[in-house]
Each structure stands twice: as structure tokens, then as C-alpha cells.
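Notes follow the structure.
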Amino acid sequence: MKNNLLLKWRWRECWQGQLWPITLALSLIIACVFALSALVTRVDKIMVDQGRSALGADLVLVSNQQPISPDTLASAKKLGLTISQQTRIRTMAFSDNGMQLISLKAMETNYPLRGELQLDANPLTANAKTLTMLQHVQPNELWLAERLFNLLDVSIGDTVAIGDAELTVSGKIAEDPELSFNPFNQMPSAIIHLDDIAKTGAVVPGGRLSYRAYFSGPDSALNQLQQEISITASQRWLSEQSQGRSAEFINKAQQYLSLTLLLVLLMASATLVLTSQHYRNSQQSTVAMLKSLGASQAWLRRWLAGQLAMLFGLSIAIGISCGFLLEQLLRLPLTDLLPDPLPSIGFSPWLVSIGIALLVGLPSMGISLLHLLATPATSIIGQDTPTKKQYWAYSLLLLPLISLIVWFGNNKMMWLTLVGLAVILVLLGALGLLITKLLQQKRWGPAVTLALSRLNRSRVASMAQLGALTCSLMLLSVIWLLRSDLLNDWQQTLPANAPNVFAINIAPEQVDAYINQLDQWQLDHSQAYPVIRGRLTQRNDEVLQSVSPAVATKPETEADKEKDSALRRELNFTWLPQLPSHNEVLEGEWSTERGVSVEQDIAERLNIKLGDTLHFSVNSQSFSAKVNSIRKVEWRNMKPNFYFIFSPDVMADLPTTWLVSFRIDDQQTGLLNQLARDYATVSLLDLRSMATRIQSLLQQVAWSLTVLAALAVLSGLLLVLTLLRLSVSQRQQEIKLYRTLGASKKRISATLWAEYGLMALIAGFTAALGAQGIIAAVVKWGFELPVQPHFYLFITLPVLALALIYVITLSMFKQLLAPLRA
1 MKNNLLLKWR WRECWQGQLW PITLALSLII ACVFALSALV TRVDKIMVDQ
51 GRSALGADLV LVSNQQPISP DTLASAKKLG LTISQQTRIR TMAFSDNGMQ
101 LISLKAMETN YPLRGELQLD ANPLTANAKT LTMLQHVQPN ELWLAERLFN
151 LLDVSIGDTV AIGDAELTVS GKIAEDPELS FNPFNQMPSA IIHLDDIAKT
201 GAVVPGGRLS YRAYFSGPDS ALNQLQQEIS ITASQRWLSE QSQGRSAEFI
251 NKAQQYLSLT LLLVLLMASA TLVLTSQHYR NSQQSTVAML KSLGASQAWL
301 RRWLAGQLAM LFGLSIAIGI SCGFLLEQLL RLPLTDLLPD PLPSIGFSPW
351 LVSIGIALLV GLPSMGISLL HLLATPATSI IGQDTPTKKQ YWAYSLLLLP
401 LISLIVWFGN NKMMWLTLVG LAVILVLLGA LGLLITKLLQ QKRWGPAVTL
451 ALSRLNRSRV ASMAQLGALT CSLMLLSVIW LLRSDLLNDW QQTLPANAPN
501 VFAINIAPEQ VDAYINQLDQ WQLDHSQAYP VIRGRLTQRN DEVLQSVSPA
551 VATKPETEAD KEKDSALRRE LNFTWLPQLP SHNEVLEGEW STERGVSVEQ
601 DIAERLNIKL GDTLHFSVNS QSFSAKVNSI RKVEWRNMKP NFYFIFSPDV
651 MADLPTTWLV SFRIDDQQTG LLNQLARDYA TVSLLDLRSM ATRIQSLLQQ
701 VAWSLTVLAA LAVLSGLLLV LTLLRLSVSQ RQQEIKLYRT LGASKKRISA
751 TLWAEYGLMA LIAGFTAALG AQGIIAAVVK WGFELPVQPH FYLFITLPVL
801 ALALIYVITL SMFKQLLAPL RA
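Residue numbers (the UniProt record's numbering): 1 to 822.
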């Protein structure tokens, strides 16, 4: 019977008493952590799998000019790795009706080790159901990219000459897993078997050859292979983490997820702390009464422990259930991008969500409950008996503190956020109190005067209340504004009208006619850029690399390994009379005399300064130029961009080809084919499918961030509700005193509205000030985005705070003033 009564009591406390905000806050923590952990787990697995599928293997070793060492392959076999080899060469393909520069890939039958190589044996068949899709290349076969059928004017069964070999066309390359997002590295591909490469006679000393070894196996074996093998200056490893810039916005999205989760946890934790303290104050009389009736300390501990267990159990059940639904909601806009079936989430989200709830909840509630147990029995009769301080209870704070150190480690952005929030909370609380002090020096009406008097009379409580309310509004602003800044940055870097076709290898005598053709068709296009490939060899008197590092045969030293990747390969150079409009000059000034403008990142990595003299090599010809400016380049906008841009007098006499980018719509594919026929030697790189996919991905990730931001706003509103609810409930005794002293209901109501109205205005103004600082710091140093002012916050946040105050306190004021009715 006693157990049933205790159970009902605990249940009533959780739903109808003082504990339902704690239950709601804990449930929110568990739901958010579970949903985000599950989503991040799935996305991480998918990104790794897709990244490796795009490589064709788990790990790739690329070697320019030199074949892969047999010792390297033997080491890989010894580690149990699966191996596939490939040779690549840029060469010409000839048919009876045309010729075309191609990228020839000679591969083994087992390629790819990851992903799919789809070879269509019937590329001209209209009925897709009759297509024969092969997955591997066999000897004596020649497979061509779709555009090569038009460029070479060939069909299945026709003969194409590549070097000394005459090969019969077997079909079309429907899908190649290796997709480069660098337009300078793409050209139409042809595939043959590795055994047939010798027939072409294209493998000659000095030829532009690239050898690749593909490895697949456990991560431990792959890591061990990279540690055992000393690669040369002409070699490099490729993995899913080193390919392209397209994953940059995904990384920023994950940063936003982590930051938002942190802020949600902070706001929910603050709700727990405040509600637990209020529960402690409200239950002190109950504990004192139970002690006076003979309840032992052990029985009280069991009672509160049972209450705590029920609360956690109920929160876990609600939180996990809501977490499942929330994860599906966050995943909904990514449906088209996620594979079917989805990778499993395992037990990690369960353990992480419940673990974090315990780490946050135990200190938040445990400290208050331990102080509650120390309530003396004599307090029931009104004696001012001091409660024995339970200082050891604060050791529970070590649980979340140690966890933060382990979890965040050296994450600069997270520690910056935590420390910044702690400092700003104190500063904003003090600023709010200073504003109330200054306002009190002016003459106001009775209601405002009483409100200011109360705020200044209890300074510590008012400072804490203003600081907490300000911080809540500020965090809401930070979450929403950071989302907006991220989306704005993505939209600017990849606008809807971004170029999606690159024309390269345009001969100098073709440039004007090519541009005129684009203008006649009214296609948006970039200016024409001269392009030549070369190497950076020297900065002032410091040699950065030899002129021909590709022929190095000695093992790579530790100093070589530390070289920037830009020093390991040829770069694309251009010369222009004026810098491109989409490049921002950060330092210096562009000049047209023996000058070079350097991209910001490579300048920082190679310690290049204004006034430095840089030496370059192009086709064994050396030249130098002085650095006259440092530029900021946005690599994600799919516009032609370069590390080094020279003044015309430096490179104008060197033989170059030209590049132009333009945009076409899906219905203009015929124009692209016409260009390919009219300018057979020009390589057209069609990036429409890639651009469309990135645009779609941006929109869908943006939708997920919006859902998450809305969830964070919900947790912030819960904190604001708790703050106001506890604040108003503490006013009951004061209102009774005002009534005893003869204050009318109208005067008390005006005083309450004045007090909370002033609090809302002050909190809104200071929150806008704090949000500006937090956003500036996080955006600049955490996300490396340009800082933008948000002055409208100084109007929006005070108005929002007033609206929240009005909605939340309206019913509370009615309850407080109800006893005053006649």
C-alpha cells in the first residue's frame, strides 16, 4: 500500500508537480543527442563509403612518370590488401572521321575495388531495358566516353587508332567511379585493359604517364602500408579525405550540428539547474515535515532516489522515442542522397544520448537534492535554522567537466564558445544591472520607479536573472543567425547561374571565333583565360624544389614529406591585364609590370610575402616575377581560379592554350554537341550533373539545418519559460505584502508589467550586443566566413523579448492577482 502511494506521489510530481520541466528538459537533451548522433553516424559512414567509391578503392597511390615499385605491391600483399593497377596517359585518338585528345586508362580486370564501373555495350539502344551493363574491362576491348562517339564520329564495331594499336570500339563508359571536380584535370576518357597498353606504344620515356595502385582492405592494414612505404617526390597518396573541395560545406554543416548541439545542451542544462533549485526550495517544507514525523535520512534518500529513477526512466523513454522521430525528420530532406538500405547506427547513439543525459542531469539535480536532504526538521516551525552546507556535493561537477575535456580535446571552436559564453554571461548581467542603475536616477512614474527599485534592491538575483534571460535570447540569435550566414555563404559560393561547362585547349587562333559563337547563342560565359602548366621552384634565394622533381629516384625525406602539395605537381598559370572580378585583393596592388598575384592560402602555406621574387619553370623555361598582391579565391564557385596570375609581360611570349567557362541548360545540349563538332580539338568538360547534385545537396542540408535550428529555438524558449515561471512564482509573498500595505490591484499589475517589460527591453538590447560579438568570433575563427553586421537585432530581440514576456506571463499574472479580487 505504501509503495503504491509513493509511486502515485512520484508520478504526480513528474507530471503535475515541480518536476515536469525537468522531465521535459531531460527528454529534449536525449532526443536531440540521439537524433544528431544517429544522423552523424549514418552520414559519416555514407561519406566514407562514397568517398572511397569515388576513388575506386579504399586507398590509391599515384606515381607520375615512374611505375609503382614491386616492393610496394609486395608489402601490400603481405598485409592482405587487394590490389589493382592502372596506367594513365594523355594521348590522341584517331578515327576515319576525326581525332581527339583523350585520357587513356589502362586497367586490370578487377578494377574498381570500390564503387561501380558501368560499361554499356549498347549505347545507341533506345530501350534501356535491353542494355547490357558490364562491370569489368576485358583484354582486347576499347570503351569510350559518350562524347567521344560524336567527337570521333564512330559507332560500335568501328576501329579507333591509339598510338600504334588499332582497337575496335566495344561500347560506352556509362559511369566511372573516379570523378574529379577539378575542370583542368578532366577530358574525355577511353578505357582499355592493362595488358593492351604495350600495343599502343604510348609508354615512352618523357611521356605524360601516371601510374596508380589501388588498395582495398582493413583500415589498420592501409595505415600500416602508408607508414611502411617511403614515397618519392613524384608520388602521393589519395584517400577519401584528400579528394576535392566539395566536402567543405559538409564539414561546416557538421560543425554547425556540433555547435548547435552544444548550445541546446547548455540551455537545457540551465533549465535543469534552475528547475532543480526551485524544486529544492519548494520541497524543503515537505522534507522538514517528514523528518519531524520520524522519517530517517536513509528513507528520504530512498524516496528521492526513487523519484530520480522514475524521472530518468520517463525521460529516457520519451527522449528516445522523440529522437527516432526527429532523426527521421532531419533525414527526410536527404532521402534522395542517402543509399538504400541505410547503414546501421549501432548502439552508439543510445549510449551517447543516455550518457550525456546522465552527465548533465546528475550534477544539475544531484546537488540540489543533496542540499534538500540537509534541510533541518526545525524549519517546519519557522525557526531560522541554518542548513548544513553540503560542499562535497559540488564534486558532481567533475563528471561533465572531465567529459568536456575528453570530448572536445583541442577543438578550438568549442572551447572558444564555452569560455566566451561564460564571460559574456557575467558581462551582460553586469551591463543589464548598470542600465537599471542609470535608469533609476531619472524621474519616472510610480510603477516604473517601484520596478527599478526592486531590480536594484536585490542586485545579485537581478543580475543572475537578467544574465540568464539575456543569454537565452542571445543563444537563440546565434543559432539562427549562424544558420543564415552559412546558407548565405553557400548560396554566394555556388549561385544558381554558376558555369557548368569548361572549354579547354582552345588554340590562340580559335579564341575570338569561339567567344563570338557563345555570344551568338546568348550563353553566359567568362572571359577567356590563357592557361599554361608549370611549377614554382624558388622563393627569393630559397630553392623550393628542383626543376624536374618527377624524375627523382631517391626515397622521400622527412623534409620532402612536409612540402606543400602544390610543390609536388604542375600548376595552372594564367596572365591577365586585370585581375578577375570574383577575386578579392587582400594585400598589395595589381600592376602590369613583371608582377604576379598569389592566392591567399598558398601564400600563407609557403610563407610568400609582398615584394618576394618567385621563380617558375614552364617546359624547361625559367622566369621570375615579383609578388605585387595577395588574393582571396573562392574555389567552390566553379569559376576559373588560379593560384598564380601573372602580368602579361611575364608570360605572353610562352605558348599557351585558352580556357573559357559558360553555362548551358539541359535543353541546350544540342549546342554543346555543335561546339564539339565545330571545334574538334577543344575539350568540353560538362559538369552539369555535378553542379546540379551540389545545388540539390546544399538545399537539402539547408533544410536539415533549419529543422535543427528550430529545435534549438524550442529549447531556448523552454529556458525562457522556466526563468519567467520561477521568477513570477517568487513574487507571491511580495504581492501579499503590497496588498497588506494597501496597494491596489491596478498598481500591483502596473508594477509587474513595468518590471518585466524593463527586463525584456534590457535583456533584448544586451542580447543583441552579445550576439554580435559571439557571431563575429564564431564565424571568423570557427567557420572562417566573412563577418557581417546584424544591426536589426537591436530592434528584433527587444520586441521578441516583450512578446515572449507578454505571452508567458499573462496567465501567471492573472493567477498572482486573483487573490486580490474582492
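All C-beta atoms in this analysis are idealised placements derived from N, C-alpha and C, irrespective of residue type, glycine included.
Worksheet item: Mapping DSSP to helix, strand and coil, what is L151?
Response: helix
Item to complete: Could you name the residues that DSSP lists as bridge partners for V62?
Response: R212 and R236
Worksheet item: Where do the N-terminal and C-terminal ends of the beta strand (DSSP E) with D541 fall, by residue?
Response: D541 -> no beta strand (DSSP E), and no H or E assigned at all.
Worksheet item: Using the rule of at least 16 other Cβ atoms within 10 Å of the residue's Cβ for burial, across every protein chain shown, is A507 buried or exposed?
Response: Exposed, by the Cβ-count rule.
Worksheet item: With respect to the alpha helix (DSSP H) encompassing M365, which residues constitute its N-terminal and C-terminal limits?
Response: S348 to L373
Discussion item. If I measure Cβ to Cβ from A25 and keep anything under 6 Å in the same chain, skipping five residues before and after, which residues do I get?
Written reply: Its chain contains A268, T271 and L272 as the residues whose beta carbon lies nearer than 6 Å to that of A25, once the 5 sequence neighbours on both sides are disregarded; these appear in chain order.
Worksheet item: Under the rule that 16 or more other beta-carbon atoms within 10 Å means buried, what is T168, buried or exposed?
Response: Residue burial annotation: T168 is exposed, with fewer than 16 other C-beta atoms found within 10 angstroms of its C-beta.
Worksheet item: What residues match up with T91 in a beta bridge as DSSP calls it?
Response: Answer is I102.
Worksheet item: What do you get for L293, buried or exposed, if any count of 16 or more other CB atoms within 10 angstroms of its CB means buried?
Response: Exposed is the call here.
Discussion item. Using 9 Å as the threshold, is the C-beta distance between E116 and S216 below it?
Written reply: no
Discussion item. Could you check whether D153 and G98 sit closer than 9 Å to each other, using their CB atoms as the reference points?
Written reply: Yes, Cβ-Cβ distance for G98 and D153 is below 9 Å.
Worksheet item: Going by the beta-carbon positions, is the gap between N619 and G534 smaller than 9 Å?
Response: yes
Worksheet entry | Short Cβ contact (9 Å threshold) for D686 with R147 | yes
Discussion item. So, for W658: in the same chain, excluding its five sequence neighbours on each side, which residues have a beta-carbon less than 7 Å away from its beta-carbon?
Written reply: I506, P508, V511, A528, Y529, P530 and V531
Worksheet item: Does the distance from the CB of V660 to the CB of A625 come in under 9 Å?
Response: no
Worksheet item: Going straight from the alpha carbon of L330 to that of D176, what length do you get?
Response: 31 Å
Worksheet item: What span of residues does the alpha helix (DSSP H) with T669 cover, start to end?
Response: Residue range T669 to D678 is occupied by the alpha helix (DSSP H) that includes T669.
Discussion item. Can you tell me where the alpha helix (DSSP H) holding S321 begins and where it ends?
Written reply: Q297 to R331
Item to complete: Check whether the Cβ atoms of F34 and G361 lie closer than 9 Å to each other.
Response: Not a contact, by the Cβ cut-off of 9 Å.
Practice prompt. Between the Cα of Q600 and those of D49, V682, S170 and F644, spot the shortest distance and give me the residue it belongs to.
Written response: F644
Item to complete: Take D196 as the anchor and find which of A165, L39, N223 and Q224 has the nearest alpha-carbon.
Response: A165
Fill in: Reduced DSSP secondary structure (H/G/I, E/B, other) of Q522
In the three-state reduction of the DSSP assignment, Q522 falls in the coil class.
Worksheet item: Quick one, are the C-beta atoms of L544 and F646 less than 9 Å apart?
Response: no
Worksheet entry | Beta-carbon proximity of I89 to S210, cut-off 9 Å | yes
Worksheet entry | Nonlocal neighbours in the same chain, by C-beta distance under 8 Å from V478, ignoring five residues either side | Excluding sequence neighbours, V478 sits near L263, A771, I774, I775 and V778.
Worksheet entry | C-alpha distance - P400 paired with P363, whole-angstrom precision | 8 Å
Discussion item. Distance check for P21 and L265, CA to CA, integer angstroms please.
Written reply: Distance between the alpha carbons of L265 and P21: 15 Å.
Fill in: Cβ separation of A190 and W143, assumed to be a contact under 8 Å, to the nearest whole Å
7 Å
Discussion item. Beta-carbon within less than 8 Å of F312's beta-carbon, same chain only, minus the 5 sequence neighbours each way: which residues are those?
Written reply: L26, A357, L358 and G361
Worksheet item: Bridge partners of R631, per DSSP?
Response: V585 and E599
Item to complete: Indicate the three-state DSSP secondary structure (helix, strand or coil) for K609 in the structure shown.
Response: coil
Worksheet item: On the three-state DSSP scale, how would you describe residue 823?
Response: Residue 823 falls outside the range modelled here, since the chain spans only 1 to 822, and no answer is possible.
Worksheet item: Hey, how far is the Cα of E542 from the Cα of Q86?
Response: 36 Å
Worksheet item: Can you tell me whether Y111 is buried or exposed, with buried defined as 16 or more other CB within 10 angstroms of its CB?
Response: buried
Fill in: Proximity below 9 Å, CB of A603 to CB of I630
Yes, the Cβ-Cβ distance between A603 and I630 is below 9 Å.
Worksheet item: If you count every other CB in all the chains shown that lies within 10 Å of the CB of R42, and 16 or more means buried, which is it?
Response: buried
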